[in-house]
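Chemist: Following this message is one structure expressed as structure tokens.
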Amino acid sequence: MEAIDARVRALDPRLDLHDELARLRRERKAVILAHYYQDDEIQDLADFTGDSLQLAQAARDTDAEVILFCGVHFMAETAKILNPSRTVVLPDLRAGCSLADSCPPQKLAALKAAHPDHVVVSYINCTAETKALSDWICTSSNARRVINAIPADQKIIFAPDRNLGAWLMRETGREMLLWQGSCIVHETFSERKLIELKSQHKDAVVLAHPECEPEVLQHADIIGSTFALLRATQTNPAQRFIVATEPGIIHQMRKVNPQKEYIPLPGRDTTCACNECPFMRLNTLEKMVLALRDLEPRIEMDEGLRLAALKPLERMLALG
Ligand code: 13P
Ligand code: SF4
6 MEAIDARVRA LDPRLDLHDE LARLRRERKA VILAHYYQDD EIQDLADFTG DSLQLAQAAR
66 DTDAEVILFC GVHFMAETAK ILNPSRTVVL PDLRAGCSLA DSCPPQKLAA LKAAHPDHVV
126 VSYINCTAET KALSDWICTS SNARRVINAI PADQKIIFAP DRNLGAWLMR ETGREMLLWQ
186 GSCIVHETFS ERKLIELKSQ HKDAVVLAHP ECEPEVLQHA DIIGSTFALL RATQTNPAQR
246 FIVATEPGII HQMRKVNPQK EYIPLPGRDT TCACNECPFM RLNTLEKMVL ALRDLEPRIE
306 MDEGLRLAAL KPLERMLALG
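Heads up, the working numbering is the position in the sequence shown plus 5, with the first residue counted as 1.
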């Protein structure tokens with residue numbers, strides 16, 4: 006298959022992309038799932054938008070024949086693990102994740118071998134191979150619950166996000182051996198900018214994703230998954246929020262509460278858009294049309310690997 010950029014260039018410029026997407030999603034009996042970090046247009050075209058846990062559940066439960074996953078690779082792979090009889094396509098196969106990349110399975114296997122008395126809890130932002138080496142998977146919305154479900158005297162390796170892991174240690178009082186991975190988006194947020202914004206907007210509530218560095222999290226009023234932060238804008242009476250996560254979520258915040266103000270926290274380098282996830286933002290309307298037309302790029306997986314990765318995911322999902 007030709008490279009994605011060449012396929013986009015070869016698309017007929019006269020094509021009405023919205024009509025074509027509507028036609029193909031009917032023809033393919035497809036469902037479009039989109040993460041909150043996708044471009045506004047993609048979120049609006051999706052049948053379902055959500056955080057990584059909600060999207061995994063939606064993928065598991067769908068009876069659509071094709072899942073067009075507008076997110077990153079580990080999310081589409083999780084969809085395939087949970088619902089293998091569906092065709093799962095990702096608009097751009099290069100949509101990876103720095104956290105997944107930080108945890109090569111051979112290195113995690115070596116750490117496991119060096120600590121045979123530990124169980125491995127992996128954040129869902131990891132490859133199927135890493136999941137297969139794990140005892141539990143968690144997402145940012147159920148991580149606390151997963152850790153608390155493990156007996157207090159059981160030692161834990163937590164991979165791959167060191168910031169989520171350190172936050173969980175503070176929240177649960179559990180010591181854990183932390184893998185030193187991080188998200189290139191959340192590690193870029195500037196504590197100095199946050200302090201400045203807080204002093205300019207004394208009434209603002211600070212919302213932060215647990216992937217942020219501890220220096221940023223210490224100033225947060227509410228810490229949680231993208232969905233938890235979205236819900237906070239509905240339940241909290243504040244009129245102004247400083248948002249320390251990928252700004253794609255602000256689209257949903259504006260939809261549910263348009264009269265409130267949302268201030269995205271910039272990165273340390275204010276000249277770039279580095280608070281946007283470069284992987285998530287690779288997906289476009291053109292690539293969505295191509296993915297449904299060609300059913301490529303498709304997520305495929307060895308059945309042995311799928312079953313091994315399914316086990317810790319199912320353990321997580323059974324917690325409800
Ligand atoms: P959520 O679990 O909040 O969807 O987070 C996913 C993610 O990739 C955050 O960077
Ligand atoms: Fe990965 Fe960070 Fe992008 Fe989320 S925002 S997909 S953790 S690189």
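Ideal Cβ placement from N, Cα and C applies to all residues, glycine included.
1. Please determine whether the Cβ atom of residue 319 lies at a distance below 6 Å from any heavy atom of the ligand SF4.
2. How would the residue list near the ligand 13P read, in chain order, if you kept each one whose beta-carbon is closer than 5 Å to any heavy atom?
3. Touching or not, the stretch 192-206 and the stretch 138-147, by the rule of three or more beta carbon pairs under 8 Å?
4. What is the residue span of the alpha helix (DSSP H) that residue 194 lies within?
5. For residue 96, which residues of its own chain have a beta-carbon under 6 Å away from its beta-carbon, when the five flanking residues on both sides are left out?
6. Buried or exposed: where does residue 58 fall if 16 or more other Cβ atoms within 10 Å of its Cβ makes it buried?
7. Just reading off the alpha helix (DSSP H) that residue 78 is part of, what are its end residues?
8. Would you say the beta carbon of residue 130 comes nearer than 6 Å to a heavy atom of the ligand SF4?
9. Kindly indicate which residue of 218, 181, 229 has the alpha-carbon position closest to the one of residue 187.
10. Tell me which residue opens and which closes the alpha helix (DSSP H) that residue 219 is part of.
11. Can you give me the start and stop residues for the alpha helix (DSSP H) that residue 266 sits inside?
12. DSSP three-state call for residue 23: helix, strand or coil?
13. Kindly provide the ranges of any alpha helix (DSSP H) runs that are 4 or more residues long and lie completely inside the stretch 150-185, ordered along the chain.
14. Going by DSSP, what residue range makes up the alpha helix (DSSP H) through residue 254?
15. DSSP on residue 47, reduced to helix/strand/coil?
16. Determine, using beta carbons only, whether residue 81 and residue 304 come nearer to each other than 7 Å.
17. From this set, 87, 91, 50, 52, which residue's C-alpha is nearest residue 70's C-alpha?
18. Can you round the beta-carbon distance between residue 127 and residue 165 to whole angstroms, since I take them to be within the 8 Å contact cut?
19. Identify whether residue 15 lies in helix, strand or coil by the three-state DSSP scheme.
20. Compute the minimum distance between the beta carbon of residue 194 and the heavy atoms of the ligand SF4, and state whether it is under 6 Å.
21. Would you be able to state if there are at least three C-beta pairs under 8 Å between the stretch 303-318 and the stretch 265-277?
22. Once DSSP output is grouped into helix, strand and coil, what is the label at residue 127?
23. Which stretch, first to last residue, makes up the alpha helix (DSSP H) that contains residue 296?
24. If you check the beta carbons only, do residue 240 and residue 246 fall under 7 Å apart?
25. Taking the alpha-carbon positions, what's the residue 261 to residue 138 distance?
26. For residue 284, report the span of its beta strand (DSSP E) as first-last.
27. Roughly how many whole angstroms lie between the Cα atoms of residue 63 and residue 36?
28. Closer than 7 Å by C-beta to residue 321: which residues in its own chain qualify, once you throw out the five before and the five after it? Chain order, please.
29. Is the closest heavy atom of the ligand ATP to the C-beta of residue 74 under 6 Å?
30. Using only the alpha-carbon positions, how far apart do residue 256 and residue 312 sit?
31. Taking residue 114 as part of the alpha helix (DSSP H), name the residues at either end of that continuous run.
32. On the criterion of 16 or more Cβ atoms from any shown chain inside 10 Å, does residue 204 qualify as buried, or is it exposed?
Modeler: Looking at the atomic coordinates:
1. no
2. 56, 57, 144, 145, 230, 231
3. no
4. No alpha helix (DSSP H) contains residue 194, which DSSP labels as neither H nor E.
5. 288, 292, 293, 296
6. buried
7. 78-87
8. yes
9. 218
10. 219-222
11. Careful: residue 266 lies outside any alpha helix (DSSP H), inside the beta strand (DSSP E) at 266-269.
12. helix
13. 167-177
14. 254-261
15. helix
16. yes
17. 91
18. 7 Å
19. coil
20. no
21. no
22. strand
23. 290-299
24. no
25. 39 Å
26. It is not in any beta strand (DSSP E) - residue 284 carries neither H nor E in the DSSP assignment.
27. 10 Å
28. 141, 142, 143, 147, 151
29. Among the ligands modelled here, namely the ligand 13P and the ligand SF4, the ligand ATP does not occur.
30. 36 Å
31. 110-119
32. exposed
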